[in-house]
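Trainee: Going by my numbering, the sequence shown opens with residue 34, and the numbers climb by one from there.
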Amino acid sequence: MQSLSAWLPGLGGFAIGAVAGFAVRHARLCSFGAIEDALMGRDSRRLRIFGLALGIAILGTQSLIISGILRPALTSFVLPEVPLAAILLGSIMFGIGMAMVGTCGFGSLVRLGTGDLRSLIVVLILGATAYATLRGVLAPFRIDMLERISITMPDRTSSDMASLTSHALGLDVRAILAIAVGTGLCLLALGDARLRRAPRLLSAGIVLGVLVVAGWIVTGSLGDDFDTPIRPQSLTFVSTIGKALYAGVLNVSSFADFGVGSVFGVVAGSCLAAWRSAELRWEAFDDDHEMRRYLIGAALMGVGGILAGGCTIGQGLTAGSMLALSWPFAVGGMVLGARLGIALLIDGSVSEIVQRGWNSLRSKNDL
Numbered sequence: 034m035q036s037l038s039a040w041l042p043g044l045g046g047f048a049i050g051a052v053a054g055f056a057v058r059h060a061r062l063c064s065f066g067a068i069e070d071a072l073m074g075r076d077s078r079r080l081r082i083f084g085l086a087l088g089i090a091i092l093g094t095q096s097l098i099i100s101g102i103l104r105p106a107l108t109s110f111v112l113p114e115v116p117l118a119a120i121l122l123g124s125i126m127f128g129i130g131m132a133m134v135g136t137c138g139f140g141s142l143v144r145l146g147t148g149d150l151r152s153l154i155v156v157l158i159l160g161a162t163a164y165a166t167l168r169g170v171l172a173p174f175r176i177d178m179l180e181r182i183s184i185t186m187p188d189r190t191s192s193d194m195a196s197l198t199s200h201a202l203g204l205d206v207r208a209i210l211a212i213a214v215g216t217g218l219c220l221l222a223l224g225d226a227r228l229r230r231a232p233r234l235l236s237a238g239i240v241l242g243v244l245v246v247a248g249w250i251v252t253g254s255l256g257d258d259f260d261t262p263i264r265p266q267s268l269t270f271v272s273t274i275g276k277a278l279y280a281g282v283l284n285v286s287s288f289a290d291f292g293v294g295s296v297f298g299v300v301a302g303s304c305l306a307a308w309r310s311a312e313l314r315w316e317a318f319d320d321d322h323e324m325r326r327y328l329i330g331a332a333l334m335g336v337g338g339i340l341a342g343g344c345t346i347g348q349g350l351t352a353g354s355m356l357a358l359s360w361p362f363a364v365g366g367m368v369l370g371a372r373l374g375i376a377l378l379i380d381g382s383v384s385e386i387v388q389r390g391w392n393s394l395r396s397k398n399d400l
């Protein structure tokens with residue numbers, strides 16, 4: 034029987050997830066939608082909102098580190114070894130999966146809260162494949178093959194940009210780097226006049242950034258080291274969906290986990306937002322073709338998200354708030370994967386994409 038203190042991280046995760054789900058649903062914010070807008074529609078407003086959230090998260094998280102409240106070495110994002118091959122492969126897989134589903138794991142939870150039964154299937158498949166990659170049948174391949182290809186940091190320094198820069202220069206530049214990057218991202222986002230006239234989007238970006246910081250605080254202060262010692266963590270939605278599925282099927286005590294609580298919180302918050310705006314409605318697959326596409330996309334996100342070390346939220350915001358070295362590689366891979374996925378949906382098959390590229394190359398050579 035777990036004590037009440039053991040459940041506090043889970044309850045804190047539920048509360049933070051609920052606020053995130055409500056804010057994102059209310060603002061119609063989506064990470065894949067932001068990438069698609071920027072790549073295909075030349076509209077960077079929603080992408081700038083994620084930049085604003087990241088800037089706020091960096092300023093808040095680095096303040097926690099400087100004040101000694103948060104120790105980077107205890108987190109899972111800045112380990113002394115960076116499995117770059119797994120991150121690059123996984124992030125591209127995740128990006129392709131996002132394009133096939135039309136959203137990420139976090140977005141699927143938000144959609145599920147509005148009554149989208151397609152997202153229920155996505156969450157189940159994503160969770161199952163994520164857990165299989167994390168601790169199940171695919172774990173040996175991940176650990177023994179891909180993660181062996183890694184870059185070791187000099188003197189086993191934490192793999193965050195502030196620690197590496199300080200190690201190289203011989204002086205602590207964390208505060209300077211955090212202020213420069215965090216403030217720069219905020220100013221870049223707020224530099225768009227149209228965005229400044231979109232209070233819903235702005236509020237969602239601010240809320241997401243603050244919630245990432247709140248996650249670090251909750252997991253660092255509410256855990257009972259004698260009852261259930263926990264690693265400091267914040268918002269991420271791949272491994273946590275797998276753990277939530279495991280908790281529901283096999284281990285009730287796992288509901289006390291911060292990440293598991295945040296998964297259910299996002300669904301609850303999104304449901305509340307949809308209910309307030311009278312947008313709760315059941316949705317299902319249009320045909321078997323759409324269902325196959327969603328199943329493949331969900332599996333790619335589950336496996337790819339674990340290999341990449343997180344999703345667009347987990348790597349894009351949470352790892353980014355730590356200034357983790359994995360962050361730019363993971364985000365870049367996800368953007369590339371999303372673009373490949375969009376091309377795949379438009380052109381219909383990989384062979385057609387390759388053939389079109391080959392024909393284009395031949396025509397240039399003929400000239």
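Note that beta-carbon positions come from the ideal geometry of N, C-alpha and C, so glycine has one too.
Helix, strand or coil, according to DSSP, for Ile-421 in the structure here?
Mentor: The chain is shown only over 34 to 400; residue 421 falls outside these bounds and no answer can be derived.
Trainee: If we call anything under 9 Å between Cβ atoms a contact, is Arg-229 one with Leu-235?
Mentor: Yes.
Trainee: Looking at C-alpha atoms only, which residue of Ala-39, Thr-162 and Leu-356 is the closest neighbour of Ser-272?
Mentor: Ranking Ala-39, Thr-162 and Leu-356 by Cα distance to Ser-272 puts Thr-162 first.
Trainee: What number of angstroms, rounded off, separates the C-alpha of Ala-39 from the C-alpha of His-59?
Mentor: Roughly 32 Å between the two C-alpha positions.
Trainee: For Asp-149 and Arg-314, what's the separation of their Cα atoms in angstroms?
Mentor: Each residue's alpha carbon lies about 7 Å from the other.
Trainee: To test your reading of the DSSP string, which unbroken alpha helix (DSSP H) runs of 4 or more residues are found completely within the region 279–316?
Mentor: As far as the region 279–316 is concerned, its whole alpha helix (DSSP H) runs of at least 4 residues are 291–309.
Trainee: Where does Asp-188 sit, in a helix, a strand or coil, going by DSSP?
Mentor: Looking at Asp-188 - three-state DSSP - the assignment turns out to be helix.
Trainee: Taking the alpha-carbon positions, what's the Asp-76 to Val-285 distance?
Mentor: Computed Cα separation, rounded: 44 Å.
Trainee: Could you spell out the range, first to last residue, of the alpha helix (DSSP H) harbouring Gln-95?
Mentor: Run containing Gln-95: 78–99, per the alpha helix (DSSP H) assignment.
Trainee: Figure out for me which residue from Thr-345, Thr-185, Ala-306 and Thr-216 has the closest Cα to the Cα of Thr-269.
Mentor: Comparing Cα-Cα distances from Thr-269 to each of Thr-345, Thr-185, Ala-306 and Thr-216, the minimum goes to Thr-345.
Trainee: Using the rule of at least 16 other Cβ atoms within 10 Å of the residue's Cβ for burial, across every protein chain shown, is Ile-89 buried or exposed?
Mentor: So Ile-89 ends up on the buried side.
Trainee: Round the Cβ separation of Ile-99 and Arg-207 to the nearest angstrom and send it over; I've been treating them as touching at under 8 Å.
Mentor: Indeed, because the Cβ distance is near 6 Å, the residues count as touching under 8 Å.
Trainee: May I ask you to report which of helix, strand or coil DSSP gives Glu-69?
Mentor: Correct three-state label for Glu-69: helix.
Trainee: By DSSP, does Met-34 sit in helix, in strand, or in coil?
Mentor: For Met-34, the predicted structure reports a pLDDT of 49, less than 50, and the residue's modelled location is therefore unreliable. A value from the coordinates is still provided. Reduced to three states, the DSSP call for Met-34 is coil.
Trainee: Does DSSP classify Glu-423 as helix, strand or coil?
Mentor: One cannot answer for residue 423 here, as it falls past the ends of the chain, which runs 34 to 400.
Trainee: Under 9 Å, Cβ to Cβ, is there at least one residue of chain B near Ser-192?
Mentor: In the displayed structure, chain B is absent; only one protein chain is listed.
Trainee: Tell me whether the beta-carbon of Met-367 lies closer than 9 Å to the beta-carbon of Ser-124.
Mentor: Closer than 9 Å, so yes.
Trainee: For Ala-332 versus Leu-159, is the C-beta spacing smaller than 9 Å?
Mentor: Cβ distance < 9 Å, so Ala-332 and Leu-159 count as in contact.
Trainee: In whole angstroms, give me the CA-to-CA distance for Val-282 and Leu-153.
Mentor: Rounded to whole angstroms, Val-282 to Leu-153 spans 16 Å at the Cα level.
Trainee: Just list the residues that DSSP pairs Ala-406 with in beta bridges.
Mentor: Any answer about residue 406 is impossible in this case: the structure gives the chain only from 34 up to 400.
Trainee: Got a sec, what are the start and stop residues for the alpha helix (DSSP H) Ile-250 sits in?
Mentor: From DSSP, the alpha helix (DSSP H) with Ile-250 extends over 232–254.
Trainee: Could you compute how far the alpha carbon of Gly-335 sits from the alpha carbon of Val-156?
Mentor: Rounded to whole angstroms, Gly-335 to Val-156 spans 9 Å at the Cα level.
Trainee: Determine the closest residue to Gly-140 out of Leu-107, Gly-54 and Gln-266, with distance taken between C-alpha atoms.
Mentor: It is Gly-54 whose Cα lies nearest to the Cα of Gly-140.
Trainee: Can you give me the Cβ contacts of Gly-330 inside the same chain, cut-off strictly under 6 Å, excluding the 5 residues immediately before and after it?
Mentor: Within the same chain, Gly-330 has close Cβ partners Gly-130, Met-133 and Val-134.
Trainee: Between Gly-302 and Val-52, how many whole angstroms is the CB-CB distance? I'm expecting something under 8 Å.
Mentor: The pair is a contact, with the Cβ atoms about 6 Å apart (cut-off 8 Å).
Trainee: Around the C-beta of Met-178, are 16 or more other C-beta atoms found within 10 angstroms, so that it is buried, or is it exposed?
Mentor: Result: exposed.
Trainee: Going by Cα to Cα distance, which pick from Arg-325, Asp-380, Ala-363 and Trp-391 is closest to Met-126?
Mentor: It is Ala-363 whose Cα lies nearest to the Cα of Met-126.
Trainee: Given a cut-off of 9 Å on the beta-carbon distance, is the pair Ala-211 and Ala-237 in contact?
Mentor: Contact flag unset, no.
Trainee: Mark Val-214 as exposed unless 16 or more other C-beta atoms lie within 10 angstroms of its C-beta, in which case mark it buried.
Mentor: Looking at its Cβ environment, which holds 16 or more other Cβ atoms inside 10 Å, Val-214 is buried.
Trainee: Does Asp-225 come out as helix, strand or coil in the three-state DSSP assignment?
Mentor: Three-state result, Asp-225: coil.
Trainee: Do the CB positions of Val-245 and Ser-267 come within less than 9 Å of each other?
Mentor: Closer than 9 Å, so yes.
Trainee: Which first and last residues belong to the alpha helix (DSSP H) in which Arg-151 is found?
Mentor: Start and end: 150–167.
Trainee: In its own chain, which residues sit with a C-beta less than 6 Å from the C-beta of Leu-278, not counting the 5 before and 5 after it?
Mentor: Contacts found: Gly-160.
Trainee: Could you tell me the distance, in whole angstroms, from the CA atom of Ile-239 to the CA atom of Gly-248?
Mentor: Near 14 Å, if we compare the C-alpha coordinates of Gly-248 and Ile-239.
Trainee: Looking at the structure shown, is Arg-264 part of a helix, part of a strand, or coil, going by DSSP?
Mentor: Note: Arg-264 maps to coil in three-state DSSP.
Trainee: Going by alpha carbons, who is nearest to Pro-422 out of Phe-47, Leu-41 and Val-57?
Mentor: Given that the chain is displayed from residue 34 to residue 400, the structure contains no residue 422 and the question cannot be resolved.
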